[in-house]
Amino acid sequence: MTYIQNPALKYARTGEGFELPVLDVSNPSFAIPEEFADLDAVRASIAEEMRQRRFIPRFVMRLMFRAAARNSRLMTAIVDPKARYLDGISTYVMKLGADNLVPPFDTAIDRKVAGSPHGTMLRLRTRQTVCLLARAIADDAAFASEQPLHLINIGGGPALDSVNALVLLRLSHPQLLSREIVIHVLDGDSQGALFGANALAALQAEDGPLAGVDVRLERRDYNWNEQEPLGRLIREVKAGGGVAAVSTEGALFEYGSDAAIVENLLALREGGVTRPVVGSVTNADPLRRRIIAMSGFDLIARGIDGFRPLAARAGFAITDVRDAVLSSQVLLHAA
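To convert, note that position 197 of the sequence shown is 197 in the working numbering; the numbers rise steadily by one, no gaps.
Written out as structure tokens, the structure reads:
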């Protein structure tokens, strides 16, 4: 199936050979629609949807979802009974917004999923993570030198949060990008990082927002229950005279066990990476718990109150929080 690419967007190829738009938070095409600006209204809308579903028998819901999945790659990924999490490419596509979908993710059902409050809050989660990371780097004197800059992305899939942090820094503090930059994707899935590298290359094109910036993306196979590769990476960064910032959007703080979160943060702190660390935390309200129960994903709804003691055990304190209804994005500094 052929389609006309939007000239206002950049495109990159996935491992399956699909051309997807490259998320660029500075591009108006990816702005959050105004109707989602009122988060209380979004929360009420999601709650009403969940309330209505409570009157539909569970087996009927399963049949409805399976029927929808036959015409939607996004729904297929969401309702897969074997999936414990939403894969990196499907999560990424949901963040593009209904108007930016392309084949094979552009059926009417795909558009409904991507344009839903759930999909839009994923977009907001990314935007908040990007803004927290970029601002923390810009405000910290430790990043003001010409030392190599390393962005460590734990469980990052395509790592477009790290990439977009550079886009924002290029606009606000271009001098901070006049150095060698490496995005390290620590993830067990190679497909997300493959697309992320292609997306980065597209943004580095002559007319792209990162044109001329010396940055590359590298993936390391990683299981956050075994922290030695993370410690080894930090030692390599320090040995090369570099400075590091960390993000983990939709990953470690949402799916990881208490022990995994503490041990990864300890590995960062003991390696000298004390700030900034940015990540998303699944909210713990009853609404979010009901959604998790229906999805079957291994999300842990610990909320800020449940996450704060874990960060403290590793010597970190939460210095900023941004709400996106289904998750809260946190900025951590060593206490």
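Think of the CB as a built atom: it goes at the ideal place given N, C-alpha and C, for glycine as much as any other residue. Note that this is a predicted model, so its numbers are computed, not measured.
Asked: Contacting residues, own chain, Cβ-Cβ under 8 Å from Glu19 (five flanking each side not counted); Found: Gln5, Tyr11, Ala12, Arg13 and Val102
Asked: Cβ distance (whole Å) where Phe143 is taken to contact Leu149 below 8 Å; Found: 7 Å
Asked: Nearest to Leu166 (by Cα), restricted to the options Leu177, Pro158, Gly156 and Gly157; Found: Leu177
Asked: Start and end residues, alpha helix (DSSP H) containing Glu254; Found: Leu252 to Tyr255
Asked: Identity of the residue in Gly303, Gly272, Ala335 and Val325 nearest Gln128 by Cα; Found: Val325
Asked: Sufficient close CB pairs (3 or more, under 8 Å) joining the segment 230–245 to the segment 190–197; Found: no
Asked: beta-carbon Arg322 near the ligand GDP non-hydrogen atom, thresh 6 Å; Found: In the structure shown, the ligand GDP is absent, as is every other ligand, since no ligand is present at all.
Asked: Bounding residues of the alpha helix (DSSP H) (the contiguous stretch that carries Ile78); Found: Arg73 to Val79
Asked: Residue burial classification, Asn100 (beta-carbon count within 10 angstroms, cutoff 16); Found: buried
Asked: Integer-rounded CB distance, given that Pro158 should sit under 8 Å from Ala199; Found: 6 Å
Asked: Beta-carbon contacts of Gly196 that lie in its chain and below 6 Å, excluding the five residues immediately before and after; Found: Pro158, Ala159 and Leu217
Asked: Rounded separation between Leu210 and Ile181 - CA only; Found: 12 Å
Asked: According to DSSP, residues forming a beta bridge with Gly279; Found: Thr248 and Val330
Asked: Segment limits, alpha helix (DSSP H) that includes His150; Found: Looking at the DSSP string, His150 is not in any alpha helix (DSSP H); the run it does join, the beta strand (DSSP E), is Leu149 to Ile154.
Asked: Pick from Gly241, Thr282 and Ser45 that is closest to Ile304, judged by C-alpha positions; Found: Thr282
Asked: Helix, strand or coil at Asp40 [DSSP, three-state]; Found: helix
Asked: Uninterrupted beta strand (DSSP E) stretches inside the segment 191–226 (no shorter than 3 residues); Found: 215–220
Asked: Of the listed residues Gln329, Ala244 and Ser327, nearest to Gln147 (C-alpha basis); Found: Ala244
Asked: Which residues DSSP lists as bridging Leu268, in chain order; Found: BP columns for Leu268 are empty, so no partner.
Asked: Sequence-distant residues of its chain with Cβ nearer than 8 Å to Asp40 (five each side left out); Found: none
Asked: Straight-line Cα distance separating Ile318 from Ala335; Found: 9 Å
Asked: Gly15 classed as buried or exposed, judged by whether at least 16 other C-beta atoms fall within 10 angstroms; Found: exposed
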